[in-house]
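> In order, the protein sequences belong to chains E, B, S, H, X and D.
All residue numbers for the first sequence refer to this note's numbering, where the first residue is 7 and numbers rise by one.
All residue numbers for the second sequence refer to this note's numbering, where the first residue is 7 and numbers rise by one.
All residue numbers for the third sequence refer to this note's numbering, where the first residue is 7 and numbers rise by one.
All residue numbers for the fourth sequence refer to this note's numbering, where the first residue is 2 and numbers rise by one.
All residue numbers for the fifth sequence refer to this note's numbering, where the first residue is 2 and numbers rise by one.
All residue numbers for the sixth sequence refer to this note's numbering, where the first residue is 2 and numbers rise by one.
Note that the Cβ used here is the ideal one computed from N, Cα and C, for glycine as well.
These numbers come from a predicted model, not from an experiment.
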Amino acid sequence: MQTHPKKLLVVIGESALEKFLVRDIKQFGALGYTIADVRGGGGSGEREAAWEGDRSIRMEVVCDEAIADKIAAHILATYAKNFSLSLFFNDVSVVRREKF
Amino acid sequence: MQTHPKKLLVVIGESALEKFLVRDIKQFGALGYTIADVRGGGGSGEREAAWEGDRSIRMEVVCDEAIADKIAAHILATYAKNFSLSLFFNDVSVVRREKF
Amino acid sequence: MQTHPKKLLVVIGESALEKFLVRDIKQFGALGYTIADVRGGGGSGEREAAWEGDRSIRMEVVCDEAIADKIAAHILATYAKNFSLSLFFNDVSVVRREKF
Amino acid sequence: MDPVVLFFLLGVVAKLAKSDLKLPEALYETLSIYLLLAIGLKGGVELAKHPILTIAPQAFAAIAMGATLPLLAYPVLRFVGKLSNVDSAAIAAHYGSVSVVTFAVGLAFVLKRGVAYEEYMPLFVALMEVPGIVVGIVLARMLAKRELPDSSDSPGDVRLGGSTETRMGASNGTRWRMLAHEIFLGKSVVLLVGGLLIGWFAGPQGIDPMRGLFFDLFKGVLALFLLEMGLVAAGRVADLKRAGPFLIVFGVAAPMAFSVIGATVGYAVGLSLGGTTLLAILAASASYIAAPAALRIALPEANPSLSIGVALGITFPFNLTFGIPLYFEIAKRLHA
Amino acid sequence: MDPVVLFFLLGVVAKLAKSDLKLPEALYETLSIYLLLAIGLKGGVELAKHPILTIAPQAFAAIAMGATLPLLAYPVLRFVGKLSNVDSAAIAAHYGSVSVVTFAVGLAFVLKRGVAYEEYMPLFVALMEVPGIVVGIVLARMLAKRELPDSSDSPGDVRLGGSTETRMGASNGTRWRMLAHEIFLGKSVVLLVGGLLIGWFAGPQGIDPMRGLFFDLFKGVLALFLLEMGLVAAGRVADLKRAGPFLIVFGVAAPMAFSVIGATVGYAVGLSLGGTTLLAILAASASYIAAPAALRIALPEANPSLSIGVALGITFPFNLTFGIPLYFEIAKRLHA
Amino acid sequence: MDPVVLFFLLGVVAKLAKSDLKLPEALYETLSIYLLLAIGLKGGVELAKHPILTIAPQAFAAIAMGATLPLLAYPVLRFVGKLSNVDSAAIAAHYGSVSVVTFAVGLAFVLKRGVAYEEYMPLFVALMEVPGIVVGIVLARMLAKRELPDSSDSPGDVRLGGSTETRMGASNGTRWRMLAHEIFLGKSVVLLVGGLLIGWFAGPQGIDPMRGLFFDLFKGVLALFLLEMGLVAAGRVADLKRAGPFLIVFGVAAPMAFSVIGATVGYAVGLSLGGTTLLAILAASASYIAAPAALRIALPEANPSLSIGVALGITFPFNLTFGIPLYFEIAKRLHA
Ligand SMILES: Nc1ncnc2c1ncn2[C@@H]1O[C@H](COP(=O)(O)O)[C@@H](O)[C@H]1O
Ligand SMILES: Nc1ncnc2c1ncn2[C@@H]1O[C@H](COP(=O)(O)O)[C@@H](O)[C@H]1O
Ligand SMILES: Nc1ncnc2c1ncn2[C@@H]1O[C@H](COP(=O)(O)O)[C@@H](O)[C@H]1O
Ligand code: NA
Ligand code: NA
Ligand code: NA
């Protein structure tokens, strides 16, 4: 199967960020995203999703490397200081390259 | 740790597809799958999981590359035209190769 | 963007294991984890999350390869015999290496 | 206007104002499970009191009407609205089937006015869910044949999934079986029919200890569900803008026309004023639980945002606000 | 048959017919939290009315019975059923503990017939949840020693997690602490005991403003929960087919035998006809909330599909349909 | 102590004992949606009975008080507590706003004692949610200017997001709009105000068929929600330990001081004994739904574990147990 390399950017953070992240990734040209509700723990403590302020989301964006870089840089600069937030990149391959 | 390369196929789409996708991946020889409820947006608009028809799932299948290819080809041919659907591949490694 | 390679360890298994897995990965030096509720199927049958004993989780840990290996070895040795459980590794890259 | 409709408006306003208000998915599902079961139980308890023979001809008329309405809707959608074959058939199927929540609001309307009605009416909800959907699907498949004369299939052979054997990954026989499954074993039919049977077997005394949950809370739960439906319906408005003015007109005209048919049939089979009103409401309502789920599988080529958009974005609010009182007037004229 | 049982049947039929009907996980959890709390509150309110000294010997008898039943079940499972040591012990633990929902259906049965009963009976549910589980685990560990004579541990030393120090990643001392935690601080014990204490402290007047939620809705919530249990139980049938005929017979015979013990003990400690029936039901019932959760941690080598399969797939439906009326008859004979 | 508080204690104990008890997220959300709507409806129904002109001056006083309290809290937090500018402002905002659940428990307290109160008090809950939050945010921004004199902005220009144009990825104008949105269209304001309006339009007879859900279950739902709040509050204790003794003292002293202000204002504007008590409770309570959500966006630099820690970990339990009876005494003195 003919596939094309893309980047997968995964952002895990406070669910208060959801609408900002969705707005941001579109602004930088990503064509889609997927969000799951998660719980977890990290540098800023345990987040057990027990109530509003304690919820986390995991957002996944498949896009070109350049876009992924820009999104990540923006997210780190804008939110990382004040919010619980992690992100990482992954190499994926897609079939319909124009979709991502 | 001795590991073995496998493909991870991720399919994100309408939750109406769940039972068909499960049936399909088994038919093509995948030995397991994992499904999470998600929301998202893409070429076919925002899917906020607000009601039945608006729900999406994220399905993950770890298997041999050949099987992943066949599954992906089948899914694209069968559902992609009429359903909100994205898929991508990833390289993963597993320990117990016979499980996947 | 300057990134650093890390391992992503994904563990999918019975939700009864959640607190043990969280304890274990910390013991081995991982600095964070993310958990989602999932359903699925594999060698030990279908797990539809219909009731307590039937629920599964998907745990994601980004860490150094050495730690990921130790965690995986421990999990396989401790739980794999008696619990529904799958795990796989993935190569990811992170920006803030000290976080993971 | 019944106060429950105010909850719908609250939902609509909140959504249009882009409020963050969102009901959890599990609550949405719980409320809809509750409403289906409660309506089923209510009808079943009453069914126990009436001889089946009185009800049978009325029931038959209701089924026949549900199967006929899509045949009336289809040509309008196809030839006036210039919609594609599958989209026309899919929308027709939604209008052939019924909306449980519209029925519930109608029930509240009738109760509030103290109008007598056949208390086994919930039976007709269950009976009218399915026929319209089936007719819509058959329509799509039969007429698709005519449009694809080069197809290798014999013309009389109604096929699911169109011309590709592997459509939805299944042969034609399997597809029909899957579809029957999807329709008859879908959540809404199982809960409605299950509730009816339980209510019927258990009878009034048997259900009495459960009335605290299933009857006393009914109106409040309906209000909460309408809040959620308001949020959902307002979210469908964008779809409709894209679809253009025809569907908007259709979404108002079709329920009005169908209500007249429903009221006439109800009157003809001897229903009381309340019963006639409720049958008019059922005829005028468009399904948005059973039909979308079944059609997504049966007619995947249909664009769901059109059918849901018009059923939920136009017809549902129209029925809630203006439709129901109007249909009551129509029924009154007939019974005058 | 109580109409709530019809909901269970609806669930079973829907699942066997492969309907898509599924209750959201959050609803399942909510219903079970509700039932546990409501039963606890009900018992606690009554407890306030009775002198502890009257209840103490009965409570002691209930605990002792819960601890004894696994000792009777184990040899049958191990030597007649030829099950492994851990599986025998795990299943025995389930039958030593109790099913809150079976108790609730029994309560409905007794109430419907207007039979007097000790209204503090929910206390016994709380008391009988734990002992059977503990005995089952100790049994598994002690007898595992005998089967592994080459183990370096001293024979009298009951160990959790078998011979590997790192089993479940914890030393033996830690394991016991974790287990005690799992059992005594599990959801069901906390809610039952918490409800009992709140009901006790607050008394009837204190709880009265909450009866709208906790008492008036009880039967309806029980019905909904049974619908869900029907879906779950029917899903366990496949496990049982694999397990063979012995377990199926056990799933019917054990509750019948244990009900006789329960009824006899109840009669002996001076319970009324209703109380005797309820103690028989508790003895006959098998846990499927507390026990599975605790045993998954304590005896991970046990195959949960066996214990859950028989407890939920056979004993639970048997008790619901034939068992409860039968145990009532047994209690009547004793009280005759 | 009202029995509902026992549910809170059960949650606290369960959490501190590390029980696995956890209410599903969807249930938590459902209960809070229910409480907000029910309180709104209750107030709206009563509003229909009173002339707006009587209420207007009282309402104005409540708003003014909500806007003033943060101005009193801020200097204490900043100069006595030595907290940073944003943290002081954020905590002040929480105390300027109100806790709906504390109000609900206060209502239960007043009802239980049969004390008369202005039944439109829920209106004040809605009115007092927002002003304190806005004042807290403005405070943070204005005083941040003074501390950063090297900023290029003109000193009078209150800016959101501090000195960086791209903070939260939006320009200042957009930020203010987003914030207004977050505050006025947040879940709690929409549901409270929506409920008020629906209750007002529909009136007592209109809401009557829904009282089974919204009124009869109120106390029980409150109990369940308090169970959840106990679990959450106990989880915040660790945050507080880190924060040190000042905040713990503040969490008890601030509500006591503010209750005196609230009671005095209530008495001054002519509220009855019950109304005075309830206004004192509102003044003493700290928001933990609307404020945290709005401040996370408006003052992201503030550490939420401080504000939530003290509001939920100290003030909320204090009010529930000792505060409410104390504020009732204060109100009684004034009315003596
Ligand atoms: N090493 C990690 N692996 C996986 N997920 C992580 C990791 N670190 C943090 N997270 C997730 O990211 C969220 C925010 O991270 P933090 O700001 O470090 O607390 C956590 O609550 C976790 O869900
Ligand atoms: N670029 C993307 N990155 C991540 N998820 C995506 C992307 N595009 C689409 N999706 C997901 O796939 C679903 C269907 O995609 P589409 O058919 O393009 O609307 C969306 O609702 C998203 O959940
Ligand atoms: N090949 C696979 N791909 C994705 N997920 C899997 C796979 N195999 C197993 N799983 C997940 O891991 C869980 C436990 O696996 P198992 O013990 O093989 O039943 C399953 O319930 C699935 O959720
Ligand atoms: Na119709
Ligand atoms: Na038992
Ligand atoms: Na306040």
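(1) At a threshold of 7 Å, does S/PHE94 count as lining ligand 4 (C-beta to nearest heavy atom)?
(2) Of all the residues that make up the region 205 to 238 of chain H, which are near chain D by a beta-carbon distance shorter than 9 Å?
(3) Any heavy atom of ligand 2 within a distance shorter than 7 Å of the CB on H/SER89?
(4) Which same chain residues, not among the five before or five after B/ALA86, have their C-beta less than 7 Å away from its C-beta?
(5) Assign X/HIS51 to one of two classes, buried (16 or more other C-beta atoms within 10 Å of its C-beta) or exposed (fewer than that).
(6) Is any heavy atom of ligand 1 found at a distance shorter than 7 Å from the C-beta of S/TYR39?
(7) Taking only the alpha-carbon atoms, compute the straight-line gap between H/PHE323 and H/THR277 and give it to the nearest angstrom.
(8) S/ALA78 touches chain B at which residues, Cβ-Cβ below 8 Å?
(9) Just to make sure I have the definition right: I need the residues of chain C whose C-beta is within less than 7 Å of the C-beta of S/LYS13. Which are they?
(10) With 8 Å set as the bound, which would you pick, yes or no: does the beta-carbon of E/ASN88 sit closer than that to a beta-carbon of chain S?
(11) For chain B, find out if any of its Cβ atoms is closer than 8 Å to the Cβ of H/GLU302; answer yes or no.
(12) Should X/SER98 be listed as close to ligand 5, given that the test is whether its C-beta is under 7 Å from any heavy atom?
(13) The alpha helix (DSSP H) with E/GLU24 in it runs from where to where?
(14) Take the Cβ of D/PHE80 as the centre, count every other Cβ of all protein chains shown within 10 Å, and call the residue buried at 16 or more, exposed below.
(15) Could you tell me which chain H residues have their CB closer than 7 Å to the CB of D/VAL191, listed as they occur along the chain?
(16) For D/ASN86, report the span of its alpha helix (DSSP H) as first-last.
(17) Per DSSP, which residues does D/MET129 bridge with? Please list them.
(18) Quick one: list the residues of chain H neighbouring B/ALA55, beta-carbon separation under 9 Å, in chain order.
(19) Ordered along the chain, which non-local residues of its own chain (more than five positions away) have a Cβ less than 7 Å from that of X/ALA15?
(20) Can you find a heavy atom of ligand 1 that lies under 7 Å from the Cβ of S/VAL177?
(21) Hey, how far is the Cα of H/ALA39 from the Cα of H/MET211?
(22) Is DSSP giving E/LEU37 helix, strand or coil here?
(23) Please confirm whether S/LEU27 has its beta-carbon closer than 8 Å to some beta-carbon of chain E.
(24) Name the residues in the region 305 to 327 of chain D whose C-beta lies less than 7 Å from a C-beta of chain E; which are they?
(25) Can you list the residues of chain H that D/THR31 reaches, using a CB-CB cut of under 7 Å?
(26) With a 10 Å radius around its C-beta and 16 neighbouring C-beta atoms as the bar for buried, classify X/ASP154 as buried or exposed.
(27) Where does E/PHE106 sit, in a helix, a strand or coil, going by DSSP?
(28) Quick check on this structure: which residue in X/GLY236, X/ALA74, X/MET230 and X/ILE64 has the alpha carbon closest to the alpha carbon of X/LYS19?
(29) Between which residues of its own chain and D/GLU120 is the CB-CB distance below 7 Å, once the five residues before and five after are set aside?
(30) Taking C-beta pairs closer than 9 Å, name the residues in chain X that H/ILE34 reaches, listed in chain order.
(31) For the beta strand (DSSP E) holding B/GLU66, just list the boundary residues, first then last.
(32) Can you find a CB in chain X that lies within less than 8 Å of the CB of S/GLU58?
(33) Where X/ALA234 and X/GLY12 are concerned, what is the direct C-alpha to C-alpha distance, given to the nearest angstrom?
(34) Kindly list the residues whose CB is nearer than 8 Å to the CB of S/ARG53, restricted to its own chain and excluding five residues on each side of it in sequence; keep chain order.
(35) Between which two residues does the beta strand (DSSP E) carrying E/HIS5 extend?
(36) Please name the residue, chosen from H/LEU70, H/ALA90, H/GLY107 and H/ILE64, that lies closest to H/PRO326 on a Cα-to-Cα basis.
Taking the structure as given:
(1) Mapped onto the third sequence, residue 94 of chain S falls at position 88. Look at S/PHE94: its beta carbon is at least 7 Å from all of the heavy atoms in ligand 4.
(2) Within the region 205 to 238 of chain H, contact with chain D at the beta-carbon level (separation under 9 Å) is assigned to GLY213, PHE216, ASP217, LEU218, PHE219, LYS220, GLY221, VAL222, LEU223, ALA224, LEU225 and LEU228.
(3) Indexing the fourth sequence from 1 puts residue 89 of chain H at position 88. Not so, every heavy atom of ligand 2 lies at least 7 Å from the Cβ.
(4) As a working mapping, residue 86 of chain B is identified with position 80 in the second sequence. No residues qualify anywhere along the chain.
(5) Counting from 1 along the fifth sequence, the entry for residue 51 of chain X is found at position 50. Looking at its Cβ environment, which holds fewer than 16 other Cβ atoms inside 10 Å, X/HIS51 is exposed.
(6) Taking the first residue of the third sequence as position 1, residue 39 of chain S is located at position 33. Yes, the beta carbon of S/TYR39 sits closer than 7 Å to at least one heavy atom of ligand 1.
(7) On the fourth sequence, position 322 is the one that residue 323 of chain H refers to. On the fourth sequence, position 276 is the one that residue 277 of chain H refers to. Near 17 Å, if we compare the C-alpha coordinates of H/THR277 and H/PHE323.
(8) The residue you call residue 78 of chain S lines up with position 72 of the third sequence. Residues of chain B passing the Cβ test: MET7 and VAL101.
(9) Protein chains in the displayed structure are E, B, S, H, X and D, and chain C is not among them.
(10) Start at 1 with the first residue of the first sequence, and residue 88 of chain E comes out as number 82. Under the Cβ distance rule, E/ASN88 does not count among the residues neighbouring chain S, no pair being separated by less than 8 Å.
(11) One-based indexing of the fourth sequence puts residue 302 of chain H at position 301. Contacts with chain B at 8 Å (Cβ-Cβ) include H/GLU302.
(12) For this step, residue 98 of chain X is matched to residue 97 along the fifth sequence. Because some heavy atom of ligand 5 lies under 7 Å away, the Cβ of X/SER98 counts as near it: yes.
(13) Within the first sequence, the letter at position 18 stands for residue 24 of chain E. Where E/GLU24 is concerned, the enclosing alpha helix (DSSP H) starts and stops at 24 to 33.
(14) Position 79 of the sixth sequence holds residue 80 of chain D. The residue is exposed, with fewer than 16 neighbouring Cβ atoms inside 10 Å.
(15) As a working note, residue 191 of chain D is residue 190 in the sixth sequence. Chain H residues near D/VAL191: ALA15, SER20 and LEU22.
(16) As a first step, residue 86 of chain D is located in the sixth sequence; it is residue number 85 there, counting from the start. Looking at the DSSP string, the run of the alpha helix (DSSP H) that includes D/ASN86 is 86 to 97.
(17) Residue 129 of chain D sits at position 128 when you count from the first residue of the sixth sequence. DSSP, once it has assigned bridges, lists no residue as partnering D/MET129.
(18) If you number the second sequence from 1, residue 55 of chain B lands on position 49. Under the 9 Å cutoff, chain H gives GLU26.
(19) Sequence index remark: in the fifth sequence, residue 15 of chain X carries index 14 (1-based). When the five nearest sequence neighbours on each side are left out, the beta carbons in the same chain lying within less than 7 Å of the beta carbon of X/ALA15 are those of LEU22 and LEU232, in order along the chain.
(20) The requested residue 177 of chain S does not occur in the structure, where chain S is confined to residues 7 to 106.
(21) On the fourth sequence, position 38 is the one that residue 39 of chain H refers to. On the fourth sequence, position 210 is the one that residue 211 of chain H refers to. C-alpha separation (whole angstroms): 10 Å.
(22) For the purposes of this step, residue 37 of chain E is identified with residue 31 of the first sequence, where counting begins at 1. Per DSSP, reduced to three states, the secondary structure at E/LEU37 is coil, with no helix or strand assignment.
(23) Reading the third sequence from its first residue, position 21 is the one you call residue 27 of chain S. Contact of S/LEU27 with chain E is not assigned, every C-beta pair being separated by 8 Å or more.
(24) Against chain E - using a Cβ distance shorter than 7 Å - the residues of the region 305 to 327 of chain D are PRO305 and ILE309.
(25) Taking the first residue of the sixth sequence as position 1, residue 31 of chain D is located at position 30. Going along chain H in sequence order, the residues near D/THR31 (Cβ under 7 Å) are PRO25 and LEU28.
(26) Working through the fifth sequence from its first residue, we reach residue 154 of chain X at position 153. In this prediction, X/ASP154 has a pLDDT of 41, which is less than 50 and means its spatial position is unreliable; what the coordinates show is noted afterwards. Note on X/ASP154: under 16 other CB atoms within 10 angstroms of its CB, so exposed under the neighbour-count rule.
(27) Here residue 106 of chain E is taken as the residue at index 100 of the first sequence, counted from 1. Note: E/PHE106 maps to coil in three-state DSSP.
(28) Against the fifth sequence, residue 19 of chain X aligns to sequence position 18. Put simply, of X/GLY236, X/ALA74, X/MET230 and X/ILE64 the residue whose alpha carbon is nearest the alpha carbon of X/LYS19 is X/GLY236.
(29) Within the sixth sequence, the letter at position 119 stands for residue 120 of chain D. Cβ neighbours of D/GLU120 beyond the five flanking positions: GLU47.
(30) The residue given as residue 34 of chain H occupies position 33 in the fourth sequence. Contacts between H/ILE34 and chain X, judged by CB atoms closer than 9 Å, involve LEU22, LEU24, PRO25, LEU28, LEU225 and LEU228 in chain order.
(31) Position 60 of the second sequence holds residue 66 of chain B. Per DSSP, B/GLU66 belongs to the beta strand (DSSP E) from 62 to 69.
(32) Numbered from 1 along the third sequence, position 52 holds the residue referred to as residue 58 of chain S. By this cut-off, S/GLU58 is an interface position.
(33) On the fifth sequence, residue 234 of chain X is found 233 positions in, with the first residue counted as 1. On the fifth sequence, residue 12 of chain X is found 11 positions in, with the first residue counted as 1. Their backbone Cα atoms lie some 9 Å apart in a straight line.
(34) Mapped onto the third sequence, residue 53 of chain S falls at position 47. Within the same chain, S/ARG53 has close Cβ partners GLU20, ARG45, GLY46, GLY47, ASP60, ARG61, SER62 and SER90.
(35) What is shown of chain E runs 7 to 106, which leaves residue 5 of chain E out entirely.
(36) As a working note, residue 326 of chain H is residue 325 in the fourth sequence. The shortest CA-to-CA distance from H/PRO326 to any of H/LEU70, H/ALA90, H/GLY107 and H/ILE64 is the one to H/GLY107.
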